[in-house]
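Remarks on the structure that follows.
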Amino acid sequence: MTSPSRVIHSDPDILGGIPVFIDTRVPIKTLLDYLEAGDSLDEFLDHFPSVSREQAIAALELAKEMLTAYANSA
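At position 50 of the sequence shown (counting the first as 1) the number is 38 in the numbering used here, and the numbers step up by one without a gap.
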């Protein structure tokens, strides 16, 4: 299982506590918004070079794991 602490950071002093990629000010939600709009992972990474490909993939894996766990608990 992907550890959230490897990917996500939340600090009240950074964007009011919105979850961001570690060592950036890029909200995790921004990645999901890009994908929802039909943009590719590469487009997101081009626009946010402070986020590594590994971080983005780990965030997506974490989301998948959490959704799968939620679905299996129902």
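All residues carry an ideal CB built from backbone N, CA and C; glycine is no exception.
It should be emphasised that the depicted structure is a prediction, and the values quoted were computed from it without experimental measurement.
- Message: What does DSSP give as the partner residue(s) for V39 in the beta ladder?
- Response: Here residue 39 refers to the residue found at position 51 of the sequence shown. According to DSSP, which records beta bridges pairwise, V39 is partnered with nothing at all.
- Compare the Cα-Cα distances from F17 to each of A51, D11, R41 and report the closest residue. Reading the sequence shown from its first residue, position 29 is the one you call residue 17. With the sequence shown as reference, residue 17 is identified as Lys, and Phe is not the correct amino acid for it. The shortest Cα separation from K17 among A51, D11, R41 belongs to A51.
- Using beta-carbon positions only, say whether L29 and P15 come within less than 9 Å of one another. The residue labelled residue 29 in the question sits at position 41 within the sequence shown. The residue labelled residue 15 in the question sits at position 27 within the sequence shown. No. Outside cutoff.
- Is A46 buried or exposed, if buried means 16 or more other CB atoms sit within 10 Å of its CB? As a working mapping, residue 46 is identified with position 58 in the sequence shown. With 16 or more Cβ atoms within 10 Å of its Cβ, A46 is classed as buried.
- Item | Alpha-carbon to alpha-carbon, F32 and E24 | For the purposes of this step, residue 24 is identified with residue 36 of the sequence shown, where counting begins at 1. For the purposes of this step, residue 32 is identified with residue 44 of the sequence shown, where counting begins at 1. Between E24 and F32, the C-alpha separation is close to 11 Å.
- Message: Using a Cβ-Cβ cutoff of less than 7 Å, which residues in the same chain neighbour A44 once the five nearest sequence positions on both sides are dropped?
- Response: Within the sequence shown, numbered from 1, the residue matching residue 44 stands at position 56. Answer for A44: L19, L29, F32, L33, listed in chain order.
- Query: For H142, which residues from the same chain have a beta carbon less than 8 Å from its beta carbon, with the 5 sequence-adjacent residues on both sides left out?
  - Reply: Outside the shown range of the chain, which is -11 to 62, sits residue 142, and nothing can be said about it.
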